[in-house]
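Chemist:
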Amino acid sequence: MASEELVNLSLHDREEEGFAFEFEEGDDDAEDLRWCLIGRFLSDRTIHANSMMVRMADLWKPMRGVTIKEAKPGLFLFRFNHQFDMEEVLNNGPWTFDNHLLIMERVQIGVQIENIPLYHADFWVQIHGLPMGLMKEKVGIPLANAIGSFVEYDKNNNSSFWRQYMRLRVKIDVRVPLKKDTFFYLEILYIYIIICLKNDLTTI
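Structural data, given as structure tokens:
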């Protein structure tokens with residue numbers, strides 16, 4: 024009888040219920056993840072992890088330090104010791120190593136790191152050739168959305184009457200080819216990259 028009962032045991036009646044977990048403020052797990060970023064490099068080549076870690080730490084120079092480790096093949100975890108350092112890295116990108124673009128997102132509690140989408144990067148874009156009087160945010164927003172998704176309008180750069188270009192921060196999906204017949208500049212680490220898609224250049 025006992026053996027028959029074991030055979031008839033089933034989880035089917037409950038297996039679709041699932042489980043819900045809650046993290047309260049102050050939980051150790053939540054504290055460990057709140058200043059963490061997950062990232063990957065836009066490259067088919069293997070990244071030399073040790074060299075990358077030294078280089079990124081040298082570029083960022085976080086005041087409270089950063090710990091970098093390869094969590095999974097091709098996926099790197101960046102753990103900062105202070106929110107300010109993490110925000111500085113996010114706001115001053117994009118970043119590259121060995122000419123490979125680093126794509127980063129915040130770690131999300133309850134989401135496996137390999138399931139966090141890593142397809143978007145924020146770029147500062149220069150829009151040239153605008154007529155006088157059109158260097159305005161309300162003009163820049165649709166221009167940014169034509170390239171990707173509008174993030175920010177650089178009021179400091181765009182405040183001068185004699186400015187030569189509009190500067191916008193745009194979120195770009197790296198899976199999507201840039202639109203043809205466009206001409207603008209992307210800024211990466213203070214290096215200007217001219218993107219001219221009239222020659223069918225569709226990748227960065």
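If you use our numbering, the sequence shown corresponds to residues 24 to 227, in order.
Beta carbons are placed, not taken as given, at the ideal position from N, Cα and C, and that holds for glycine.
Sorted by chain position, which residues of the same chain lie with C-beta nearer than 6 Å to methionine 125's C-beta, five sequence neighbours on each side aside?
Modeler: What you label residue 125 is simply residue 102 of the sequence shown in a count that begins at 1. Sequence check: residue 125 is leucine here, not methionine. Excluding sequence neighbours, leucine 125 sits near Gly62, Phe64 and Trp118.
Chemist: Judging by CA-CA distance, which residue of Leu82, Glu93, Met86 and Cys59 is the nearest neighbour of alanine 72?
Modeler: Translated into the one-based positions of the sequence shown, residue 72 becomes position 49. Considering only Leu82, Glu93, Met86 and Cys59, the residue with the shortest C-alpha distance to alanine 72 is Glu93.
Chemist: Between alanine 167 and valine 197, is the Cβ-Cβ spacing less than 8 Å?
Modeler: Here residue 167 refers to the residue found at position 144 of the sequence shown. Here residue 197 refers to the residue found at position 174 of the sequence shown. No.
Chemist: If distances are taken between C-alpha atoms only, which option among Ala80, Leu82 and Glu137 comes closest to leucine 98?
Modeler: Residue numbering aside, residue 98 sits at position 75 when the sequence shown is read from its first letter. Checking every option, the nearest Cα to that of leucine 98 belongs to Glu137.
Chemist: Among the candidates Met76, Phe103 and Ile70, whose CA atom is the shortest distance from the CA of proline 85?
Modeler: As a first step, residue 85 is located in the sequence shown; it is residue number 62 there, counting from the start. Here the closest residue by C-alpha is Phe103.
Chemist: How many angstroms separate the CA atom of leucine 141 from the CA atom of glycine 152?
Modeler: If you number the sequence shown from 1, residue 141 lands on position 118. If you number the sequence shown from 1, residue 152 lands on position 129. Their Cα atoms are separated by approximately 33 Å.
Chemist: What's the C-alpha gap between glutamate 110 and glycine 171?
Modeler: In the sequence shown, residue 110 corresponds to position 87, counting from 1. In the sequence shown, residue 171 corresponds to position 148, counting from 1. Approximately 22 Å, taken between the alpha carbons.
Chemist: Tell me arginine 310's beta-bridge partners as DSSP assigns them.
Modeler: Residue 310 falls outside the range modelled here, since the chain spans only 24 to 227, and no answer is possible.
Chemist: Please determine, among Trp58, Leu113 and Asn180, the residue with the shortest C-alpha to C-alpha distance to leucine 191.
Modeler: Mapped onto the sequence shown, residue 191 falls at position 168. Considering only alpha carbons, the answer is Asn180.
Chemist: So for histidine 66, helix, strand or coil by DSSP?
Modeler: By one-based count along the sequence shown, residue 66 stands at place 43. This sequence places serine at residue 66; histidine is not what is there. Three-state DSSP puts serine 66 in coil, outside helix and strand.
Chemist: Give me the Cα-Cα distance between aspartate 81 and arginine 129, rounded to the nearest whole angstrom.
Modeler: The residue given as residue 81 occupies position 58 in the sequence shown. The residue given as residue 129 occupies position 106 in the sequence shown. Each residue's alpha carbon lies about 21 Å from the other.
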